[in-house]
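From first to last, the protein sequence lines stand for chains A and B. Here the first sequence stands for residues 145 to 476, where the numbers follow the working numbering. Here the second sequence stands for residues 194 to 484, where the numbers follow the working numbering. Every residue gets a Cβ at the ideal spot worked out from N, C-alpha and C, and that includes glycine. All figures in this text were calculated on a predicted structure; none of them were measured in a lab. Below is one structure, written out as structure tokens, with a few remarks after it.
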Amino acid sequence: MNETGARPRRLELGIGAAAAALLYLLPTAGFSDYVMAVATSACAYCILAVGLNLVYGYTGLLSLGQVAFWGLGAYVAALAAVDLKWSIWAGVLVGGVIAGISGIAVAFSSLRLSRHAFAIVTLIFALLMQLIARDWSEVTRGPLGIPALPQPTLDLPGLGRFVFDTPARYYVLMLTLALASIVVVYSIVHSRIGRALVAIRDNEALAESQGMNTLHYKLLAVGVSAALAGLAGGLYVFHLSVVDPSIFDFAYTEATVIMVIVGGPGCFWAVIASSIGFSILPEALRVTDRVRYVLYGAILVAAMLVMPKGIGGLLQQRRIAAMRPRPGQGGT
Amino acid sequence: MELQYLLQLAANGIVIGSVYALLAIGLSLIFGILGVVNFAHGEFYMLGATATYALVALLGLDYWVSIVLVMLVAAAIGIALHDLFLKRIGRHEFERSMLLTLGLAMILQNGALAIWGADPKFVRVPALSGLISPFEVRIPLTRAAAFAAAIAGLFGLIYLLHRTRLGQAMRAVASNPTAASVVGIPANLIARATVAVGLAMCGLAGAALAPIYTVHPLMGTLFVFKAFAIVIIGGMGSLSGAAIVAFALGIVESTVGAYVSLSTTEGIVFAVMIAVLLFRPLGLFGRGLRV
Numbered sequence: 145m146n147e148t149g150a151r152p153r154r155l156e157l158g159i160g161a162a163a164a165a166l167l168y169l170l171p172t173a174g175f176s177d178y179v180m181a182v183a184t185s186a187c188a189y190c191i192l193a194v195g196l197n198l199v200y201g202y203t204g205l206l207s208l209g210q211v212a213f214w215g216l217g218a219y220v221a222a223l224a225a226v227d228l229k230w231s232i233w234a235g236v237l238v239g240g241v242i243a244g245i246s247g248i249a250v251a252f253s254s255l256r257l258s259r260h261a262f263a264i265v266t267l268i269f270a271l272l273m274q275l276i277a278r279d280w281s282e283v284t285r286g287p288l289g290i291p292a293l294p295q296p297t298l299d300l301p302g303l304g305r306f307v308f309d310t311p312a313r314y315y316v317l318m319l320t321l322a323l324a325s326i327v328v329v330y331s332i333v334h335s336r337i338g339r340a341l342v343a344i345r346d347n348e349a350l351a352e353s354q355g356m357n358t359l360h361y362k363l364l365a366v367g368v369s370a371a372l373a374g375l376a377g378g379l380y381v382f383h384l385s386v387v388d389p390s391i392f393d394f395a396y397t398e399a400t401v402i403m404v405i406v407g408g409p410g411c412f413w414a415v416i417a418s419s420i421g422f423s424i425l426p427e428a429l430r431v432t433d434r435v436r437y438v439l440y441g442a443i444l445v446a447a448m449l450v451m452p453k454g455i456g457g458l459l460q461q462r463r464i465a466a467m468r469p470r471p472g473q474g475g476t
Numbered sequence: 194m195e196l197q198y199l200l201q202l203a204a205n206g207i208v209i210g211s212v213y214a215l216l217a218i219g220l221s222l223i224f225g226i227l228g229v230v231n232f233a234h235g236e237f238y239m240l241g242a243t244a245t246y247a248l249v250a251l252l253g254l255d256y257w258v259s260i261v262l263v264m265l266v267a268a269a270i271g272i273a274l275h276d277l278f279l280k281r282i283g284r285h286e287f288e289r290s291m292l293l294t295l296g297l298a299m300i301l302q303n304g305a306l307a308i309w310g311a312d313p314k315f316v317r318v319p320a321l322s323g324l325i326s327p328f329e330v331r332i333p334l335t336r337a338a339a340f341a342a343a344i345a346g347l348f349g350l351i352y353l354l355h356r357t358r359l360g361q362a363m364r365a366v367a368s369n370p371t372a373a374s375v376v377g378i379p380a381n382l383i384a385r386a387t388v389a390v391g392l393a394m395c396g397l398a399g400a401a402l403a404p405i406y407t408v409h410p411l412m413g414t415l416f417v418f419k420a421f422a423i424v425i426i427g428g429m430g431s432l433s434g435a436a437i438v439a440f441a442l443g444i445v446e447s448t449v450g451a452y453v454s455l456s457t458t459e460g461i462v463f464a465v466m467i468a469v470l471l472f473r474p475l476g477l478f479g480r481g482l483r484v
């Protein structure tokens, strides 16, 4: 079930706008560069998680290749800036478009078979991208990648040139893209299209029998989420200032999947909250990557066994149960 | 000379292909009977190789005895895997099964890295240090042994599936779970046996390749992706299709890989898989049944 209607939309938007304003004020609080870098990566993860939630949570298609679109956007933006001398903004935009188109292509080829094939093909596509990045060294510079990427600048009329050179300034940039992604996905899932996506997830045969062209909706969802991932990757790579094949690391996919699963697939705000939580958690825990991924794996296994609908799903079930006159079973 | 070289490469490819076949068939079998895509398949292969290293290199056990031991332990782990995790997942909960086994793979792989470190380990089997050279093609004994072990495993599997009551029951569940339960086949026991057999094949594959490749916590990752590709190209649920594609992949990798880099070959494999899905969505040997 979707959240729509369960609570007044206006309140939701008001809280969202207030939170966004507060987040923009974060750099003025005088946090260290390290904290701002963590906040920047939290914004990037938030975009990935919101995009995956659109595809998996609302449409029911498990994409294990968001990292492919993310890395594709990163490489396109970096190459456009370094080799073609394009402005960074144009490169990022083109990277997002190319990522979106490749997402649609991957989805089109695999969804002809089944949603199972979609999961596996997106996964293999991510591997293929990493192999290409490593091997096509004439273009991608091979395993060492492209170092010393330029810093984005913005010429504001009358205000002079603004350079995004510190983590705090970069955070503002990433936050803007994250908020834009949230707005885009929010308006999709709360529109007629969003209801169509949920209908496809819950009963595709029934949706088709109502005259819905389900393939178009599925391609739209995958295309939007791939484009968002591509934009995020393209923008984030200038913060890293280097792009190499590790941008396609499967660990990004694993982390994003965990954020969506624990937050609750199909729960809009819960996934955003869990993406922020899981971006901060490893920094707070200060454990090695190995131990962290063992923990993530254990969380994933436990979530699948105990609460496959995530924390958001549990809360939603409670709310629905509370609305019933007598205790019955929760929503689906 | 050129032909000689090609034969040499093909021989190497057949050896690797036989091990791919073990992994892909195990994956296909578990998918066919439980509806579970086992993401952790490659990690169990890695554990099989690591266990072989422990038995042969550290404890000094005989190689063949070690293979049997590894397979037995793997089968026992398979029973535990089924009873603890896979049993709780319904046949049609595809995404849930994939995410659950992905979590297991993360635990196993990163746990192995945390415990044993990333250094590659070598398994030396003194008894297999020589060469055999049929038709002037020189094959190291380790590869010949791996091939023998893999072929024995494959024939054992064919015998199990086609000549025993358990195998008949497994095929019945794979082709129609409802009808199988109607005639009184205990689906739960069959599923448990399937996971045990699939993991024993992983153990065998790991043990067979341990003396050829280095043993390393990340060795399973690429293998499971290749096994996925094999299963998709061969047609999901088609065991013979998986076997044919596995051998073909081994040969192509070995021969083409001699002329271009290995990762280019891997890239070609994955691209072929996407192309196959595009033009023959049921796989080259698909049974015409959508899964």
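message: So if DSSP puts residue 333 of chain B in a beta bridge, which residue, or which two residues, is it bridged to?
response: B:324
- request: Consult DSSP for residue 280 of chain B and reduce its assignment to one of helix, strand or coil.
  value: helix
task: Measure from the C-beta of residue 279 of chain A to each C-beta in chain B and report whether the shortest distance is under 8 Å.
output: yes
query: For residue 255 of chain B, which option in B:385, B:463 and B:320 has the closest C-alpha, if you only look at C-alpha atoms?
result: B:320
message: Excluding the 5 residues flanking residue 373 of chain B on each side, which residues of the same chain have their C-beta closer than 6 Å to its C-beta?
response: 365 and 366
field: For residue 306 of chain A, three-class secondary structure by DSSP
entry: strand
- prompt: From residue 435 of chain B to residue 210 of chain B, what does the alpha carbon distance come to, in whole angstroms?
  reply: 11 Å
task: Have a look at residue 427 of chain B and residue 420 of chain B and give me their C-alpha separation to the nearest angstrom.
output: 10 Å
Contact set for residue 458 of chain B: own chain, Cβ-Cβ below 8 Å, skip 5 residues either direction: Hits under 8 Å: 445, 446, 449 and 450.
task: Identify whether residue 297 of chain A lies in helix, strand or coil by the three-state DSSP scheme.
output: Strand at residue 297 of chain A.
query: Just the Cα atoms here: how many angstroms apart are residue 217 of chain B and residue 288 of chain B?
result: The alpha-carbon atoms of residue 217 of chain B and residue 288 of chain B are separated by roughly 20 Å.
query: Is the shortest distance between the beta-carbon of residue 413 of chain B and the beta-carbons of chain A less than 8 Å?
result: For residue 413 of chain B, the answer is no, since every Cβ of chain A falls outside 8 Å of its Cβ.
- request: Could you tell me if residue 481 of chain B is buried or exposed, where buried requires 16 or more neighbouring beta carbons within 10 angstroms of its beta carbon?
  value: No answer about residue 481 of chain B holds up, because its pLDDT of 42 lies below 50 and its placement is not dependable.
query: Thinking C-alpha only, which one of A:191, A:318, A:365 and A:323 is nearest residue 339 of chain A?
result: Measuring from the Cα of residue 339 of chain A, the nearest candidate turns out to be A:365.
- prompt: Out of curiosity, what's the CA-to-CA distance linking residue 267 of chain A and residue 422 of chain A?
  reply: 22 Å
field: Cut-off 6 Å between Cβ atoms - residues of its own chain near residue 211 of chain A, not counting five sequence neighbours on either side
entry: 270, 392, 396 and 397.
task: Quick one: list the residues of chain B neighbouring residue 287 of chain A, beta-carbon separation under 8 Å, in chain order.
output: Near residue 287 of chain A there are no residues of chain B at all, since even the closest Cβ is about 10 Å away, more than 8 Å.
- request: Report yes or no: is there a C-beta of chain A within less than 8 Å of the C-beta of residue 260 of chain B?
  value: no
message: Using the three-state DSSP reduction, which class does residue 453 of chain A fall into: helix, strand or coil?
response: Reduced to three states, the DSSP call for residue 453 of chain A is coil.
message: Along the chain, where does the alpha helix (DSSP H) containing residue 330 of chain A start, and where does it finish?
response: 311-333
task: Pull up the CB-CB distance for residue 291 of chain B and residue 263 of chain A, whole angstroms please, since I reckon it's below 8 Å.
output: 6 Å
message: Please tell me whether residue 285 of chain B and residue 228 of chain B are closer than 8 Å, where the distance is taken between their beta carbons.
response: yes
message: In chain order, what are the residue ranges of uninterrupted alpha helix (DSSP H) at least 4 long that sit wholly in the segment 401-464 of chain A?
response: 412-429 and 433-450
query: Could you give the distance in angstroms between the alpha-carbon of residue 203 of chain A and the alpha-carbon of residue 274 of chain A?
result: Distance between the alpha carbons of residue 203 of chain A and residue 274 of chain A: 27 Å.
- prompt: So residue 230 of chain A is in the alpha helix (DSSP H); what residue range does that whole segment cover?
  reply: Note, residue 230 of chain A: premise wrong, no alpha helix (DSSP H); not H, not E.
message: Quick check: the Cα distance between residue 215 of chain B and residue 345 of chain B, rounded to an integer number of angstroms?
response: 10 Å
message: Restricting to Cα atoms, I'd like to know which of A:299, A:166 and A:276 is closest to residue 289 of chain A.
response: A:276
query: Can you list, in chain order, the residues of the segment 435-461 of chain A whose Cβ is nearer than 7 Å to any Cβ on chain B?
result: 435, 437, 438, 440, 441, 442, 444, 445, 448, 449 and 452
- prompt: Mapping DSSP to helix, strand and coil, what is residue 405 of chain B?
  reply: coil
message: So for residue 378 of chain B, helix, strand or coil by DSSP?
response: coil
field: Stretch-stretch touch, CB-based, cutoff 8 Å, three pairs: the segment 307-322 of chain A with the segment 400-408 of chain A
entry: no
query: Does the segment 214-221 of chain A touch the segment 354-365 of chain A, meaning 3 or more C-beta pairs lie closer than 8 Å?
result: no
message: Can you tell me where the alpha helix (DSSP H) holding residue 309 of chain B begins and where it ends?
response: Where residue 309 of chain B is concerned, the enclosing alpha helix (DSSP H) stretches over 287-309.
Members of the segment 450-461 of chain B that neighbour chain A once the beta carbon cut-off is set at 8 Å: Flagged, chain order: 454, 456, 457, 459 and 460.
- prompt: Beta-carbon of residue 439 of chain B versus every beta-carbon of chain A: anything under 8 Å?
  reply: no
message: Give me the chain A residues within the contact set of residue 237 of chain B, using Cβ-Cβ distance strictly less than 7 Å, ordered along the chain.
response: Within chain A, no residue comes near residue 237 of chain B; the closest Cβ sits about 14 Å away, beyond 7 Å.
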